[in-house]
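Trainee:
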Amino acid sequence: MPIKLDAIDKRILRALQQNSNRTNAELAQHAGLSATPCLRRVHLLEEQGVIDAYVALLNPAAVELRLTAFVRVTLERQDKATVEHFAREIEKAPEVLECHLMAGSYDYLLRVIAKDLDDFQRFQMETLTRIAGVRNVQTEIPLKRIKQTTRLPI
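Following UniProt numbering, the numbering of the sequence shown begins with 1 at its first residue and continues without gaps.
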């Protein structure tokens with residue numbers, strides 16, 4: 001059942017999406033509450049699974065990860081064993097930031113990060129194409145990122 005969020009919950013969530021490092025006092029002021037009810041709401045949002053985690057968003061270039069690649073993967077078969085095996089292997093690959101099972105002309109879409117083209121090629125040759133059941137891999141490398149956000153439009 002969907003969780004009902006009121007206007008105050010949404011103000012809290014928008015503020016946390018903008019900066020999850022806010023103090024409770026700052027968050028309460030932003031939400032128009034006193035500190036105790038604000039903290040109670042935050043704890044409830046955490047318990048309900050609305051707030052998944054608090055993280056630091058890193059600048060990839062600052063940690064020498066300058067290449068993003070979008071990789072389309074087609075499997076030899078789409079049976080349960082092949083799909084589950086691929087998912088388990090991809091979970092182990094730290095270079096894969098996202099993996100989506102797709103409907104359409106390919107089976108998976110991956111977002112991969114690497115230091116450079118050589119590093120990406122190493123990942124593709126030593127990790128991705130060695131996964132049993134992978135039939136085809138097609139890679140797209142973006143020239144420029146136009147937009148990237150983690151903020152949900154609530």
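Cβ atoms here follow ideal geometry from the backbone N, Cα and C, with glycine treated the same way.
Taking Cβ positions only, does Arg11 come closer than 9 Å to chain C?
Mentor: Looking for chain C here will not work: only one protein chain is present.
Trainee: Would you check if the distance between the CB atom of Glu95 and the CB atom of Val112 is smaller than 9 Å?
Mentor: Yes, these two residues count as a Cβ contact at 9 Å.
Trainee: Using the Cα positions of Thr74 and Leu39, report the straight-line distance between them to the nearest angstrom.
Mentor: Cα-Cα distance, rounded: 46 Å.
Trainee: Pair every Cβ in the segment 57 to 76 with every Cβ in the segment 111 to 125, then say whether three or more of these pairs are closer than 8 Å.
Mentor: Yes, the segment 57 to 76 touches the segment 111 to 125.
Trainee: Using the DSSP secondary-structure output, state which residues sit across from Arg72 in a beta bridge.
Mentor: Per DSSP, Leu109 and Gln138.
Trainee: Could you tell me whether the segment 6 to 20 touches the segment 29 to 44, using the rule of 3 or more Cβ pairs below 8 Å?
Mentor: The answer is yes - the segment 29 to 44 touches the segment 6 to 20, with three or more Cβ pairs under 8 Å.
Trainee: Which word fits Ile131, buried or exposed, when buried means at least 16 other C-beta atoms lie within 10 angstroms of its C-beta?
Mentor: Counting Cβ neighbours within 10 Å, Ile131 comes out buried, since at least 16 surround it.
Trainee: DSSP three-state label for Leu128, please.
Mentor: DSSP places Leu128 in helix when its eight states are reduced to three.
Trainee: Buried or exposed for Tyr54, please, with buried defined as at least 16 other CB atoms from any protein chain shown within 10 angstroms of its CB.
Mentor: So Tyr54 counts as exposed.
Trainee: Beta-carbon separation of Arg151 and Gln18 under 9 Å?
Mentor: Cβ atoms of Arg151 and Gln18: closer than 9 Å.
Trainee: Need the endpoints of the beta strand (DSSP E) that Val83 sits in, please.
Mentor: No beta strand (DSSP E) holds Val83; the alpha helix (DSSP H) holding it covers Lys80 to Glu91.
Trainee: When the Cα of Tyr106 is compared with those of Glu91, Glu26 and Thr139, which residue comes out closest?
Mentor: Minimum Cα distance to Tyr106 is reached at Thr139.
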